[in-house]
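In UniProt numbering, the protein residues as written are 1 to 247.
Backbone N, C-alpha and C define an ideal beta-carbon position, used for all residues, glycine too.
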Amino acid sequence: MSKLNEKTAVVTGGGSGIGLAIARRLASEGASVVITGRRQAVLDEAVALLGDCAVGIVADVSKAASLEALYADVRRRFGRIDVLVANAGGGVHAPLGEITETQIDQQFSTNVKGVVLTIQGALSLFSPGSSVIIIGSTASKDPAPSMSIYGGTKAAIRNMVRSWVAELKGSGVRLNIVSPGPTNTDSLRESFGDKAEEGLAFLIAKSPLGRIGEPEEIASAVAFLASDEASYINGVELFADGGASQT
């Protein structure tokens, strides 16, 4: 029997990149997977790849009403959530002196407010044994130059989890963070703009393993924390970065 057989998983931002890799891995472990995002066309393409085990539902994690509609649909279809992956998020490169108010608002709205609303809105769908995994970032402790706001949002998540683990005491719900290092996605390359090759070379040189990560490697860490094999792991921030943030 697959590790997540008969489980229901929700992956926010599951239409591309790390989120899609996570959805594929959870589906391969037997889960029924709901992926969310703001663009229907992207979700449709992802569902076509994932197959009959997947459903794509448009949702904006920064809006409580949008998440309320999402969870009402999940309840109607599946009745519960066994695995919730709060993956939706993003960052913008901007050095001090060039950070705009819009950039601050966008990153905190999705990366912090969005995580709060995503988890809070799903509470009534959890049961003992449910696993919540937030996708953080090594920027929570080692933000790159020009990524101060992004790093700040991810550090905020880490502190919120410290509180939430205590608040969920007795519920049987586990809450953990997977913090990827640089990962080979289109969004990483796009974040560097016309300096993509220079940026990637810097990240590779920093890595003790001499490379950046692959989305499937992040998905493996998530699948472990989602499974009963991690039944005694709660409140951790697992760095999946090849050791780069430790140097």
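Where the beta strand (DSSP E) through arginine 174 begins and ends: Working through the sequence shown from its first residue, we reach residue 174 at position 174. First-last of the beta strand (DSSP E) with arginine 174: 174-180.
DSSP bridge partner residues for glycine 37 (one or two, in chain order): Against the sequence shown, residue 37 aligns to sequence position 37. Note: glycine 37 sits in a beta bridge opposite Val58.
Report yes if the C-beta distance between arginine 174 and asparagine 234 is below 8 angstroms; otherwise report no. Against the sequence shown, residue 174 aligns to sequence position 174. Against the sequence shown, residue 234 aligns to sequence position 234. It is a contact, given that the beta carbons lie within the stated cut-off.
Nearest by alpha-carbon distance to aspartate 60: which of Val116, Ala23 and Arg24 is it? For the purposes of this step, residue 60 is identified with residue 60 of the sequence shown, where counting begins at 1. Closest option to aspartate 60, Cα to Cα, is Val116.
Enclosing beta strand (DSSP E) for glutamate 217 [first to last residue]: By one-based count along the sequence shown, residue 217 stands at place 217. Segment 215-226 is the alpha helix (DSSP H) holding glutamate 217; no beta strand (DSSP E) there.
If you draw a straight line from the alpha carbon of glycine 13 to that of glycine 89, how long is it in whole angstroms? Reading the sequence shown from its first residue, position 13 is the one you call residue 13. Reading the sequence shown from its first residue, position 89 is the one you call residue 89. If you take the alpha carbons of glycine 13 and glycine 89, they lie about 7 angstroms apart.
According to DSSP, which residues form a beta bridge with phenylalanine 239? As a working note, residue 239 is residue 239 in the sequence shown. Answer is Ser179.
In the DSSP output, what is isoleucine 135 paired with across the bridge? Here residue 135 is taken as the residue at index 135 of the sequence shown, counted from 1. According to DSSP, which records beta bridges pairwise, isoleucine 135 is partnered with Val178.
For the structure I just gave you, are there three or more beta carbon pairs, one from the segment 93-105 and one from the segment 64-82, closer than 8 angstroms? no
Cβ atoms of alanine 46 and threonine 138: under 8 angstroms apart, would you say? As a working note, residue 138 is residue 138 in the sequence shown. As a working note, residue 46 is residue 46 in the sequence shown. Taking 8 angstroms as the Cβ cut-off, threonine 138 and alanine 46 do not qualify as a contacting pair.
Suppose the cutoff is 6 angstroms on Cβ atoms and the five residues either side in sequence are ignored; what does the same chain contact list for alanine 9 look like? In the sequence shown, the residue the question calls residue 9 occupies position 9. Only Leu26, Ala31, Val33 and Val83 meet the Cβ criterion.
Classification of arginine 77 by the beta-carbon crowding that lies within 10 angstroms, buried from 16 upward: In the sequence shown, counting from the first residue as 1, residue 77 sits at position 77. Arginine 77 should be labelled exposed.
Once you ignore the five residues that flank alanine 54 on each side, which residues in its own chain have a CB closer than 7 angstroms to its CB? Taking the sequence shown and counting its residues from 1, the one referred to as residue 54 is at position 54. The residues are Ala23, Ala27, Val33, Ile35 and Val47.
Taking Cβ to Cβ, would you say glycine 17 is nearer than 8 angstroms to serine 187? Taking the first residue of the sequence shown as position 1, residue 17 is located at position 17. Taking the first residue of the sequence shown as position 1, residue 187 is located at position 187. Closer than 8 angstroms, so yes.
Is DSSP giving phenylalanine 84 helix, strand or coil here? As a working note, residue 84 is residue 84 in the sequence shown. Sequence check: residue 84 is leucine here, not phenylalanine. Correct three-state label for leucine 84: strand.
Which residue wins for smallest C-alpha separation from arginine 41, given the options Asp52, Leu20 and Gly15? In the sequence shown, residue 41 corresponds to position 41, counting from 1. Note that residue 41 corresponds to alanine in the displayed sequence, not to arginine. That would be Gly15, whose Cα lies nearest to the Cα of alanine 41.
Going by DSSP, which residues form a beta bridge with alanine 9? Position 9 of the sequence shown, counted from the first residue, corresponds to residue 9. Bridge partners of alanine 9: Val33 and Val83.
In terms of alpha-carbon separation, which member of Ala69, Glu216, Val92 and Ile81 lies closest to proline 128? Residue 128 sits at position 128 when you count from the first residue of the sequence shown. Cα-wise, what sits closest to proline 128 is Ile81.
Are there 16 or more other CB atoms within 10 angstroms of the CB of asparagine 87, so buried, or fewer, so exposed? For the purposes of this step, residue 87 is identified with residue 87 of the sequence shown, where counting begins at 1. It counts as buried.
Glutamate 197, DSSP secondary structure in three states: In the sequence shown, counting from the first residue as 1, residue 197 sits at position 197. Note: glutamate 197 maps to helix in three-state DSSP.
Is valine 92 helix, strand or coil when you go by DSSP? Along the sequence shown, one-based indexing puts residue 92 at 92. Valine 92 falls in the coil class under three-state DSSP.
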